[in-house]
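Trainee: Chains as they are written, first to last, in this note's numbering: chain A, 1 to 123; chain B, 124 to 353; chain C, 354 to 1385. Glycine included, each C-beta is placed from N, C-alpha and C at the ideal position. This one's a predicted model, so the numbers in the text were calculated from it and none came from an experiment.
1) When the Cα atoms are used, what is the spatial distance from residue 602/C to residue 471/C?
2) Which stretch, first to last residue, makes up the beta strand (DSSP E) that contains residue 938/C?
3) Starting from the N-terminal side, write out each stretch of the alpha helix (DSSP H) that is 4 residues or longer and does not extend beyond the stretch 530-595 of chain C.
4) Between residue 172/A and chain B, is there a C-beta pair that is closer than 8 Å?
5) At a Cβ threshold of 8 Å, is residue 987/C touching chain B?
6) According to DSSP, simplified to helix, strand and coil, what is residue 76/A?
7) DSSP three-state label for residue 814/C, please.
8) Any beta carbon from chain C within less than 8 Å of residue 292/B's own beta carbon?
9) According to DSSP, what are the bridge partners of residue 1235/C?
10) Start and end of the alpha helix (DSSP H) containing residue 1180/C?
11) Measure from the C-beta of residue 8/A to each C-beta in chain B and report whether the shortest distance is under 8 Å.
12) For residue 998/C, which option in 1021/C, 980/C, 1014/C and 1028/C has the closest C-alpha, if you only look at C-alpha atoms?
13) Per the DSSP calculation, residue 481/C is bridged to which residue(s)?
14) If contact means a Cβ-Cβ distance below 7 Å, which residues of the stretch 14-28 of chain A contact chain B?
15) Are the Cβ atoms of residue 170/B and residue 317/B separated by less than 8 Å?
16) Answer with buried or exposed for residue 105/A, where buried requires no fewer than 16 other C-beta atoms within 10 angstroms of its C-beta.
17) Using the Cα positions of residue 535/C and residue 559/C, report the straight-line distance between them to the nearest angstrom.
18) From the DSSP output, read off the bridge partner residues of residue 31/A.
19) Buried or exposed: which applies to residue 1348/C, given that a residue is buried once 16 or more other Cβ atoms fall within 10 Å of its Cβ?
20) If we ignore side chains and look at the alpha-carbon of each, how far apart do residue 545/C and residue 407/C end up?
21) Do you know whose CA, among 881/C, 1022/C and 1294/C, lies nearest residue 1118/C's CA?
22) Three or more beta-carbon pairs under 8 Å between the stretch 943-959 of chain C and the stretch 1006-1018 of chain C, yes or no?
23) Whose C-beta lies closer than 6 Å to the C-beta of residue 975/C among residues of the same chain, with five residues either side of it excluded?
24) Measure the alpha-carbon distance for residue 556/C versus residue 562/C and round it to whole angstroms.
25) Buried or exposed: residue 111/A, going by 16 or more other Cβ atoms within 10 Å of its Cβ?
26) Whole angstroms are fine: how far does the CA of residue 237/B sit from the CA of residue 181/B?
27) Apply the 10 Å Cβ neighbour rule to residue 1307/C and answer buried if 16 or more other Cβ atoms are within range, or exposed otherwise.
28) Quick check on this structure: which residue in 446/C, 864/C, 430/C and 703/C has the alpha carbon closest to the alpha carbon of residue 778/C?
29) Return the CA-CA distance between residue 509/C and residue 197/B, expressed in angstroms with no decimal places.
30) Give the interface partners of residue 134/B over in chain A, defined as CB-CB distance under 8 Å, in chain order.
31) Report the rounded CA-to-CA distance for residue 1274/C versus residue 917/C, giving the unit in angstroms.
32) Does the stretch 799-817 of chain C come close enough to the stretch 736-745 of chain C to have 3 or more Cβ pairs within less than 8 Å?
33) Can you find a CB in chain C that lies within less than 8 Å of the CB of residue 93/A?
34) So which residues on chain C does residue 53/A lean against when the C-beta distance must stay under 7 Å?
35) The beta strand (DSSP E) that contains residue 418/C, what's its start and end?
36) If we ignore side chains and look at the alpha-carbon of each, how far apart do residue 613/C and residue 606/C end up?
Right under this line is the structure:
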């Protein structure tokens, strides 16, 4: 497989791009659910970035099997970012769930999903 | 207007930083010592084939335990938030959505056993190949979700799930303590024999922990989905 | 076995297993649920406490390995001294917080589980040595907070929680990115390994990684202005949760920062700037806030800013040895006091500062609120005081004066809004009384107050000022407070006994001039305090506070280091403020009194710090040997003491405070308390002796004193309220003393002390006499009373004697004082000052005649005033004071000799008054010719007065004219420039606060944008603009 850019760089840029889109989504859309989607996207983008940084040129999944014999650990990619990201995904899911629950509560309080409707406390 | 402009400006600046990061990134051609250690030693020390699972359950098991706690607390938070007063409950009983159409219902009947079986497979094979407790638990929960989509009237036995969830959690900590007492430290899975890497019964207590994790995650996610569904 | 039961790992086992088991327990019964929760929570605390004790006993830090592997392969945690300190203190607050929240937590298993998770998460953040594990614990804390915020179901609270989540999600995502990039750059996640490899963390990725981790940790500490999301939550959350977020979660984040600090060694300036900006501006915005929880929110973020600032600057200047005292002290102070404030506001159901709750009837609640407010304002005896002292000392000696100014300004702002709350809460409120809370509601508040006191003592020991006598006044006060249920007069007697015995003990250890002051003021305070017996009401809290005040005066005079001096000074200030608060309408005046006093105190602090920085010691004896290098310090000290002496320009606090205090307490204020400023000024002027500039400054000070005298006299002339007239007269007389001190000569100082003694006795008599008149006539206005000479003959007599002595008429001691002063000024060649002094004396005559005439001679226009003689308990102290005046008038050497002896050593080697011996100086004071001269002057002045308002007969009508002088002098008076100035300063600050707080729009997206922008600013500040460019 030949690409102009290394595969991990492509992933890296994709992840960063997703994160930026997510941020725009958080900051520009006033709808609560879109904000939640935005923050999910932001998190996902960063997860992709971290997974991408674990890539080693020509490496394969760090599972000892037919593709990767026990005698050739050098061919595995770095397993640590993957392990971290598994944890981070679960945490991201958890935060999304809480945000959704809050969105439901907010909607039933004000009958609107507009974030501009919740500015009672300020100054 | 000023707000939109400043948002775009800030995001653009961040984009510049990200570009610089991407520009400064060079793909590695070899593992660093710590990663090398994991890849070469984990199969020997723990008997796991899937290094990521080995890291998740053993070396960084403390993280995993914390993450289980996060899920557990989220289930509680969502329950706290979506708990309805009695009047509200009556209202939703009346306004309940109708069951989904024939195709979805039938599809669920066919798919549900398959999904649950696949979830169980992924859970118990976590130490051997791609998979593990989290992944499998999520698959199981997706089955529950399908069930709820097909018939919103389905009552998931949330009480039983929460007991299962708690028991799994307590057992997880207990096995961790066994590691402390019988082996090298808290969450050390080596108090059971590592066995032969690649065999189904191998990797010490990792499969047990993985299964508990799967049960717990599956139950937790199901509870969360159920709470949103109501 | 014991070691394994109390191994710190068990904190997590208890937290996790307890948390997982809670849904099982709730199925058994609610009782099991509560028991299980508390077993886990208390267990966590016990484990952390026992482990901390082990470390304190000298054991090495405990490393907690997991998975049977060494770090960095497996996650490890560490429980050392610092970790143990933070964890154990957070855990104890967590237990008390749970008790406080119990009404909401009971039976709610989800909330219990979240609370347990929150506590465990904070412990994890404190103890973990793995960066990603830190992220996990940060998320545990966040999620638990999100869930607990759902306990409050109002739309505002839900909205605030959503904003909180939005902001923290962004921050923690950046933290995650930073962590991932650090792993990419270094190849490890162990904090110790990262620190060891820190010099290699370079290049675009390493740099960005460090800055992102730093920025997101700062964001989690809620820096200004990216903290609206935190403030909204503080405002709307249940008090217990808000307290836990403010003190617990922030403690975890802060300690994470401490742990990672070596990674940020090039970013100390960023940290300090973030902290300083937050501390100053949050406290500024607090001025405009009246919702209590939001107010506490501003204070919380401000305190976190201060912690950050202290941490960064002490590291930057290499003074890491002070970090435990400064950062630890500030941290503990904030932890306990802020939790206490959140809780007590909830217990008294006070939501808004402006809603008076009528706390005045509850001594216990009042005491608790006062204690927390004093602590949070960084005042003694609490840890924040010792920490701030040390911080200012270290920063001054490291030449970081601008930061000192910032810290002191922020502290003043914080004190302003805190004491505004205090004054409002305590203002007497008709018909509205807060219901007495239950014992269980009070228990957490009282426990945290007790801990605060213990912490204060420990911090004092750590600062090297833990001698028992320092605390004697407070202990006596506490003991008397416990006896506060006794009848008023019994308490008065007990208080007198305590002051006599303990005060006597304290006084005998004082040295030199301080000893003279101690003896003089002890005698004066006992005499004046004896007059308190004239009131037979209960006066809750009055006598304990008075004991604290009078004993602290003695403690101040015996202090040998500037720290002890400053400590006693602050206690004097506080107890005085609280005593003034006992007056019915004193509220607003207490606020200005406290603020001016704190301004003065902070100037003193800066001055002391300057001296300590250049001399290397806090010993007060250093004052006597320092030279011209202390000019700035002298200026700071002089201004500080002049504020307390009520010098012109900064006198605006004085008339209100003096007039609205209880009548007998005003006598104490004017007679005794004001003399401390004089003592301080005397001490401070030692610094100016050896420098030319210092002497110039002293000359300016002399003019300031004289102007104060004149201005005070003019204002007194215009008063229609005779108590206020006396207050202004007190200010005027202190001006003479300031001038005398400024003479910087032996004779000047002897004069100053002579005047001090005279003024103490005179003002004691006058205010006590006025107290009697107010008691019998019920008014303070000239217009409503008069002609009392027949009704109150003894009072008339005492007032007459006092007035003669004050005015400087022969033959009483005031004459000697004035004469000495004039001769000293002539001798120094300060002729204009001498002339001004004569003018001032003349103005003094006028208002004194008004006083005597208006009260005793002229009848009010309405007709007769019926009144009886003042009670004997008021008259007796006056007569004792008169005896004092007579003795000192007849035998001036009784005072002069010891004074001269005490002063002489200082001047013997430096300034000698024209080389003349003492005997020659006294030779100048030959009473016979001077008396004739004085009488002649008096006659001439009288003639002038007569010419001003010619009258047909020297009868009552004449006096009436004088009494009505207030209607004649407006043309002569100056506009209230000082009042206008200070008022517009205050209004300006509040206006600025209102402007700044517009940043907090309440919109979650705006807050999120602030968070993002803050991270960008930190990044650019760290990496420079190059950091935005793709190439290198």
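Mentor: Short version:
1) Within the third chain, the letter at position 249 stands for residue 602/C. Within the third chain, the letter at position 118 stands for residue 471/C. Residue 602/C and residue 471/C: Cα-Cα distance of roughly 8 Å.
2) For the purposes of this step, residue 938/C is identified with residue 585 of the third chain, where counting begins at 1. No beta strand (DSSP E) holds residue 938/C; DSSP gives it neither H nor E.
3) The qualifying runs are 544-549, 556-573 and 581-589.
4) Because chain A is modelled from 1 through 123, residue 172/A falls outside the range shown and cannot be assessed.
5) Locating residue 987/C in the third chain gives position 634, where the first residue counts as 1. False, the Cβ-Cβ gap to chain B never drops below 8 Å.
6) Residue 76/A sits at position 76 when you count from the first residue of the first chain. Correct three-state label for residue 76/A: strand.
7) Start at 1 with the first residue of the third chain, and residue 814/C comes out as number 461. The answer is helix: DSSP assigns residue 814/C an H, G or I state.
8) Taking the first residue of the second chain as position 1, residue 292/B is located at position 169. Against chain C, the CB of residue 292/B has a partner CB under 8 Å away; the residue lies at that interface.
9) By one-based count along the third chain, residue 1235/C stands at place 882. Listed as beta-bridge partners of residue 1235/C by DSSP are no residues whatsoever.
10) Reading the third chain from its first residue, position 827 is the one you call residue 1180/C. Residue range 1166-1181 is occupied by the alpha helix (DSSP H) that includes residue 1180/C.
11) Stepping through the first chain from its first residue, residue 8/A is reached at position 8. True, the Cβ-Cβ gap to chain B drops below 8 Å.
12) The residue you call residue 998/C lines up with position 645 of the third chain. Considering only 1021/C, 980/C, 1014/C and 1028/C, the residue with the shortest C-alpha distance to residue 998/C is 1028/C.
13) Translated into the one-based positions of the third chain, residue 481/C becomes position 128. DSSP, once it has assigned bridges, lists 430/C as partnering residue 481/C.
14) Listed by position, the residues of the stretch 14-28 of chain A near chain B (Cβ gap below 7 Å) are 16, 20, 23, 24, 27 and 28.
15) Mapped onto the second chain, residue 170/B falls at position 47. Mapped onto the second chain, residue 317/B falls at position 194. In contact: residue 170/B and residue 317/B (Cβ atoms closer than 8 Å).
16) By one-based count along the first chain, residue 105/A stands at place 105. It counts as buried.
17) For the purposes of this step, residue 535/C is taken as the residue at position 182 of the third chain. For the purposes of this step, residue 559/C is taken as the residue at position 206 of the third chain. Cα to Cα, the separation comes out at about 6 Å.
18) By 1-based counting over the first chain, the position of residue 31/A is 31. Secondary-structure assignment with DSSP links residue 31/A through a beta bridge to 114/A.
19) Within the third chain, residue 1348/C is the residue found at index 995, counting from 1. By the neighbour-count criterion, in which 16 or more other beta carbons inside 10 Å mark a residue as buried, residue 1348/C falls on the exposed side.
20) Locating residue 545/C in the third chain gives position 192, counting from the first residue. Locating residue 407/C in the third chain gives position 54, counting from the first residue. C-alpha separation (whole angstroms): 23 Å.
21) Stepping through the third chain from its first residue, residue 1118/C is reached at position 765. Of the candidates 881/C, 1022/C and 1294/C, the one whose C-alpha sits nearest the C-alpha of residue 1118/C is 881/C.
22) Yes, the stretch 943-959 of chain C is in contact with the stretch 1006-1018 of chain C.
23) Within the third chain, the letter at position 622 stands for residue 975/C. The residues are 968.
24) Here residue 556/C is taken as the residue at index 203 of the third chain, counted from 1. Here residue 562/C is taken as the residue at index 209 of the third chain, counted from 1. Near 10 Å, if we compare the C-alpha coordinates of residue 562/C and residue 556/C.
25) Along the first chain, one-based indexing puts residue 111/A at 111. Result: exposed.
26) Here residue 181/B corresponds to residue number 58 of the second chain, with the count starting at 1. Here residue 237/B corresponds to residue number 114 of the second chain, with the count starting at 1. So the alpha carbons of these two residues sit roughly 30 Å apart.
27) The residue labelled residue 1307/C in the question sits at position 954 within the third chain. In this prediction, residue 1307/C has a pLDDT of 44, which is less than 50 and means its spatial position is unreliable; what the coordinates show is noted afterwards. That one is exposed.
28) Locating residue 778/C in the third chain gives position 425, where the first residue counts as 1. Comparing alpha-carbon positions, the option among 446/C, 864/C, 430/C and 703/C lying closest to residue 778/C turns out to be 703/C.
29) As a position in the third chain, residue 509/C is number 156, starting the count at 1. As a position in the second chain, residue 197/B is number 74, starting the count at 1. The straight-line gap from Cα to Cα measures roughly 22 Å.
30) Here residue 134/B refers to the residue found at position 11 when the second chain is read from its first residue. In chain order: 20, 23, 24 and 27.
31) Walking along the third chain from the start, residue 1274/C turns up at place 921. Walking along the third chain from the start, residue 917/C turns up at place 564. Reliability fails at residue 1274/C, whose pLDDT of 47 lies under 50, so the model's placement of it is uncertain and no value is given.
32) At 8 Å Cβ cutoff, the stretches touch.
33) Sequence index remark: in the first chain, residue 93/A carries index 93 (1-based). Chain C contact via Cβ: absent.
34) What you label residue 53/A is simply residue 53 of the first chain in a count that begins at 1. Those within 7 Å of residue 53/A in chain C are 533 and 537.
35) Along the third chain, read from residue 1 onward, the residue named residue 418/C stands at position 65. Counting along the chain, the beta strand (DSSP E) containing residue 418/C begins and ends at 415-418.
36) As a working mapping, residue 613/C is identified with position 260 in the third chain. As a working mapping, residue 606/C is identified with position 253 in the third chain. Rounded to whole angstroms, the gap between the alpha carbons of residue 613/C and residue 606/C is 11 Å.
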